[in-house]
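S.K.: The following block contains the structure, expressed as C-alpha cells.
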Amino acid sequence: MEFSGAAMHQVKETVLRKNVQEQQEPSRYKVLLLNDDYTTMDFVIMVLMVIFHKSLKEARQIMLHVHRNGKGLCGIYAFEVAETKAAQVSVMAEQHKFPLKCALEEE
Ligand code: TYC
C-alpha cells in the first residue's frame, strides 16, 4: 500500500494536533485517604461527608475500604481543588488531634 506525500502529511498533522490538545488538558488528581491506627471510624466518615460530599452509606464504604486496604479514593479533581481538599482534611484532623492524612496522585 502506498500513500501520497499529501496524505502522510495530513495524518502527521492530525496526530500532532491531537497530542497538543491532550497536553493542554488540565491534569486531574486523585485524592486518596490513608489508613492509620488512631483516627476513629466515625471521624473518617464525617470527613468524607463534609469535605467530599459523600452520603453516609458511601462514606462508610470508603472508610471500611481504607481501613482494610490501607488507602482509598475520595474523589478526582483539578489540582487546586484536590490540594484544597487534602489541606482541609489535615486541618480538621489536627483540630481533633488525629493523624489522618491524604495523598494526591496524578490520574
Ligand atoms: N483504622 C482506623 C481504626 O481502626 C480507622 C480508619 C479508617 C482510620 C480510615 C483512617 O483513613 C482512615 N480506628
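Each residue of the sequence shown is one higher than the one before, counting from 2 in the working numbering. Glycine included, each C-beta is placed from N, C-alpha and C at the ideal position. Computed from a predicted structure; not experimentally measured.
In this structure, how does DSSP classify residue 6 when only helix, strand and coil are distinguished?
M.R.: Of the three classes helix, strand and coil, the one that applies to residue 6 here is helix, per DSSP.
S.K.: Run the proximity test for residue 37: is its beta-carbon closer than 7 Å to any non-hydrogen atom belonging to the ligand TYC?
M.R.: Yes, the Cβ of residue 37 comes within 7 Å of a heavy atom of the ligand TYC.
S.K.: When you measure from the CB of residue 67 to every non-hydrogen atom of the ligand TYC, does any distance come out below 7 Å?
M.R.: Under cutoff, so the answer is yes.
S.K.: Could you tell me the distance, in whole angstroms, from the CA atom of residue 64 to the CA atom of residue 45?
M.R.: About 6 Å.
S.K.: Is the beta carbon of residue 45 within less than 7 Å of some heavy atom of the ligand TYC?
M.R.: Residue 45 Cβ: within cutoff of the ligand TYC.
S.K.: From residue 105 to residue 30, what does the alpha carbon distance come to, in whole angstroms?
M.R.: Looking at the two C-alpha atoms, the distance is approximately 6 Å.
S.K.: Just the Cα atoms here: how many angstroms apart are residue 26 and residue 73?
M.R.: If you take the alpha carbons of residue 26 and residue 73, they lie about 25 Å apart.
S.K.: Going by the beta-carbon positions, is the gap between residue 34 and residue 75 smaller than 8 Å?
M.R.: It is a contact, given that the beta carbons lie within the stated cut-off.
S.K.: Check for me: the alpha helix (DSSP H) holding residue 74 runs from which residue to which?
M.R.: Note, residue 74: premise wrong, no alpha helix (DSSP H); beta strand (DSSP E) at 72-79.
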